[in-house]
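Note sheet for the following structure.
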Amino acid sequence: MGFSITTPGTATYTVPAGTTSITVTAVGAGGGVGGGTGGQGGAGSSVTATIPVQPGQQLTVTVGGPGGPGVPPGNKAPWGAPGSNGGGQGGDGKADHFGGGGGGATQLSLGSTLLLIAGGGGGGGNGVGGKSYYGGNGGGGADGSNGLTATSCDGNGGGGSAWGSGGGGGGNIGLGYGQGGTVPTESYTGGGAGRPADGTKAGPGGGGGTTGIYDHGWAGGGGGGGTVGGGGGCGQADIDMHAGGGGGGGGGASSVPAPGATNITFQSGANAGQAGSVTID
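In case it helps, full-length UniProt numbering puts the sequence shown at residues 1 to 281.
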C-alpha cells in the first residue's frame, strides 16, 4: 500500500484489491510561535490505529496546516494565521503583534463518517522582552493539553488550572469543548472556546484573546483543531505594567471513532511547528 502525504490539504486514498484492513498514522499540525518574545507553539498529536476496510473504498485524507507565527518573516500579513482544518486564529496584540495560530487537525474519513483524527497544537502567546516574560506554550495531546501561563495571564508560568487560568483549556471529548483562557480583570480579554467536530469537519480551536480596547499589550495563542478544538489563550492589555504575555492556546483532542478499530495508540507532543502528515500501510 505505502501511502504517505505531508502536504496540507485533502487527498483520496483508494483501498487496494484484497485489502481488508489498514494501519494508519495521522499527525496533527503544530501551533505557531507567539510574537515578540512569545511562547513556542504546542506540538500536534500522533494517532495510530488499524481500521477495517473494504477493497475499492475511497477514503478522504485531510492533512492539517501549521499555525502561523505571531510575527511572520518580514512582518507581513497574515499574522497569527490559523492552521488549515480547525486551527484557531492568534489574538491581535495590535502594536505588539499577534499570538501564534493554532495548528490544524489531521484526519481520515469515509463519506460522512469520521474514522480517525489527530489534534493540532495550540499557538504560543505573544510576549514582551524587557523583563524576559513570555507568553505561554500551546498544548497537544490525545485529550488536548492546557496552554501554559501564570494565573494572571502573564509570565512563563505553569499549566493552566482545570480549564485554563490564562492559557486555553485543551479540547476535552467528554465535555465537548475546550475553554478559553479566563479573564481575571478588565485588563484582559478571554480566549474563545474550542468546539466539537461536526460530521467530518474538524472541531475548530478558539481564537486567542486580544488587547480589547487598548492599543498595546499581548495577545493569546489560538487553540488547536481536533475532535474537540482547544480554547484560545487569554490576551492582556498593558495599562498598569510593562511586563507580561498572552496565554498559550490549548491543544485539540484526538480520537479514533472508526468501527472495529484496534491497536490504537496516542502520542502527545509528536510534531512541533510543522504541517501534519498521514501514512497508510
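Beta carbons are placed, not taken as given, at the ideal position from N, Cα and C, and that holds for glycine.
Note that this is a predicted model, so its numbers are computed, not measured.
- Closest by C-alpha distance to L116, out of G194, T50 and A11, is T50.
- Checking the DSSP bridge columns, you'll see I22 partnered with I51.
- Taking one beta carbon from each stretch, the stretch 191 to 202 and the stretch 272 to 280 have fewer than 3 pairs nearer than 8 angstroms; the two do not touch.
- Under the DSSP assignment, S112 falls outside any beta strand (DSSP E); it carries neither an H nor an E label.
- Of the candidates G178, A219, A202 and I22, the residue whose Cα lies closest to the Cα of T106 is A202.
- Ranked by Cα distance from G65, the options A26, T211 and P52 are led by A26.
- For G74, the three-state secondary structure derived from DSSP is helix.
- Burial state of I5 is buried, judged by a 10 Å Cβ sphere holding 16 or more other Cβ atoms.
- A residue is called buried when at least 16 other Cβ atoms come within 10 angstroms of its Cβ; N172 meets this threshold and is buried.
- With fewer than 16 other Cβ atoms from the protein chains shown falling within 10 Å of its own Cβ, Q58 counts as exposed.
- Counting C-beta pairs closer than 8 angstroms gives fewer than three between the stretch 74 to 88 and the stretch 12 to 19, which falls short of the contact rule.
- With 16 or more other Cβ atoms from the protein chains shown falling within 10 Å of its own Cβ, D92 counts as buried.
- The Cβ atoms of G251 and G232 lie no closer than 8 angstroms to each other.
- Counting the other CB atoms within 10 Å of its CB gives L175 a total below 16, which places it among the exposed residues.
- Given a length threshold of 3 residues, each whole run of the beta strand (DSSP E) inside the stretch 192 to 259 is given here in chain order: 235 to 237.
- A distance of 8 angstroms or more separates the beta carbons of A253 and G220.
- The alpha carbon of V53 has as its nearest neighbour, out of S21, I213 and G83, the alpha carbon of S21.
- Under the three-state reduction of DSSP output, A11 falls in the strand class.
- The alpha-carbon separation between G122 and G32 amounts to approximately 8 angstroms.
- Assignment of I173 by DSSP, reduced to helix, strand and coil, places it in the coil class.
- Excluding sequence positions up to five before and after P257, its CB lies within less than 6 angstroms of the CB of L114, all in the same chain and listed in chain order.
- Scanning its chain for C-beta atoms nearer than 7 angstroms, with the 5 sequence neighbours on each side dropped, one finds around S112 the residues G199 and T200, in chain order.
- Counting of Cβ neighbours within 10 angstroms places I213 among the exposed residues, the total staying below 16.
- Counting along the chain, V61 sits inside the beta strand (DSSP E) bounded by residues Q58 to V63.
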